[in-house]
Amino acid sequence: MDEQLLARMRSTPVLAGSLPRFDPGHADPAPGRQFAHWLGDALDDGVPEPHVMTLSTADRDGRPSARVLMLRGIDSDACAFVFASDAGSRKGHDLSANPHAALSWYWPLHGRQIRAAGSVEVLDAETARRDFLGRGEPSRVAGFTGRMSAPLAGPGAYDEERRRATGLVAADPGAVPAGHTVYRLRAEEMEFFQGDPDSFHVRLHYVRQGGDWRRGLLWP
Ligand SMILES: Cc1cc2nc3c(=O)[nH]c(=O)nc-3n(C[C@H](O)[C@H](O)[C@H](O)COP(=O)(O)O)c2cc1C
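Numbering (the numbering used here), first residue to last: 3 to 222.
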């Protein structure tokens with residue numbers, strides 16, 4: 003790695019400044035609700051794009067892959083997280099072969115990391131329809147290019163496909179691409195990490211046990 007770049011990277015502070023304190027004794031017994039508290043804090047304090055998260059999946063051979071997605075809904079009581087994508091994409095193929103997946107968020111302004119892992123299910127077609135039709139036109143046009151994750155010959159091929167999709171959406175504004183899918187990850191475990199500038203990080207881990215949650219601290 004370029005020495006100058008390395009020096010600049012290493013001198014960039016992390017978990018610095020005045021971070022909130024987290025008293026795990028006052029955490030919500032339900033991690034979905036604890037997530038909602040922290041998301042509310044992030045929105046209140048202007049954490050950039052707190053609803054962007056990393057989804058990690060693995061294919062049928064266990065090979066992992068990760069990408070960022072938008073969080074499109076939360077069921078705090080059920081501790082479930084909703085996102086949308088194309089079933090024909092790499093993640094779509096991974097999830098149909100192996101429903102186990104993980105989500106993670108990092109909110110630098112608060113030094114907070116949240117992790118969730120569980121099983122992903124596909125929601126019904128009406129939910130997918132409502133999700134898709136609630137989007138702006140550019141997003142709907144992009145949805146109709148319908149080849150997410152496949153090799154693209156060049157920018158020209160995408161322009162051409164966009165033109166075709168724009169015509170399609172204009173002709174039938176209520177159309178929904180067959181692959182548009184809304185997924186729901188129901189967490190089996192969650193972790194809330196509160197970073198500290200002096201490395202007194204706090205990690206609170208929840209594991210689903212029957213209808214309830216067991217929680218405990220983890221070594222940082
Ligand atoms: C900020 C941001 C938000 C994104 N949101 C989504 C999303 O909600 N759904 C989606 O399918 N892709 C979204 N993407 C694109 C994905 O990161 C990824 O490129 C795409 O889904 C293909 O991933 P895959 O090949 O692993 O299936 C987003 C990308 C960025 C940078």
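For each residue, glycine too, the CB sits at the ideal point set by N, CA and C.
{"query": "At which residues does the beta strand (DSSP E) containing Met55 begin and terminate?", "result": "54-60"}
{"query": "Expressed to the nearest angstrom, what Euclidean distance is found between the alpha-carbon atoms of Pro222 and Pro140?", "result": "43 Å"}
{"query": "Among Gly113, Arg186, Pro179, whose alpha-carbon lies nearest the alpha-carbon of Val143?", "result": "Pro179"}
{"query": "In chain order, what residues of the same chain have a beta carbon less than 8 Å from the beta carbon of Asp61, not counting five sequence neighbours either side?", "result": "Ser67, His95, Asp96, Ala99, Asn100"}
{"query": "What's the gap between the Cα of His223 and the Cα of Gly169?", "result": "One cannot answer for residue 223 here, as it falls past the ends of the chain, which runs 3 to 222."}
{"query": "Give the secondary structure of Val171 by DSSP, where H, G and I count as helix, E and B as strand, and everything else as coil.", "result": "helix"}
{"query": "Out of Ser78, Ala118, Gly19, which one is the CA nearest neighbour of Ala103?", "result": "Ala118"}
{"query": "Closest by CA to His129, which one among Gln115, Thr183, Ala32, Ser20?", "result": "In the sequence as displayed, the identity of residue 129 is Thr instead of His. Nearest option by C-alpha distance: Thr183."}
{"query": "Measuring from each Cβ to the nearest heavy atom of ligand 1, keep the ones under 5 Å and list them in chain order.", "result": "Val54, Arg69, Val70, Leu71, Met72, Ser87, Ser91, Arg92, Lys93, Ser151"}
{"query": "Can you name the start and end residues of the alpha helix (DSSP H) that Met150 belongs to?", "result": "Careful: Met150 lies outside any alpha helix (DSSP H) and carries neither H nor E."}
{"query": "Please tell me whether Gly181 and Asp46 are closer than 8 Å, where the distance is taken between their beta carbons.", "result": "no"}
{"query": "Who pairs with Tyr108 in a beta bridge, going by DSSP?", "result": "Gln115"}
{"query": "If you draw a straight line from the alpha carbon of Ala177 to that of Arg114, how long is it in whole angstroms?", "result": "40 Å"}
{"query": "In the DSSP assignment, what residue or residues form a beta bridge with Leu206?", "result": "Phe194, Leu219"}
{"query": "Please state whether the Cβ-Cβ distance between Ala44 and Pro33 is less than 8 Å.", "result": "no"}
{"query": "For the putative contact between Val209 and Glu191, defined by C-beta atoms under 8 Å, what is the C-beta separation to the nearest angstrom?", "result": "5 Å"}
{"query": "Pro33 lies in the alpha helix (DSSP H); which residues open and close that run?", "result": "33-46"}
{"query": "Note down, in chain order, each residue of its chain lying with its Cβ closer than 7 Å to the Cβ of Thr79, except the 5 sequence neighbours on either side.", "result": "For clarity, residue 79 is Asp in the given sequence; the question names Thr instead. So the list reads Ala32, Gly34, once near-sequence residues are dropped."}
{"query": "Given Leu219, which residues of its chain have a CB within under 8 Å of its CB, disregarding the five upstream and five downstream residues?", "result": "Pro26, Val204, Arg205, Leu206, His207"}
{"query": "Exposed or buried, what is Gln211 when buried is set at 16 or more other beta-carbons lying within 10 Å of its beta-carbon?", "result": "exposed"}
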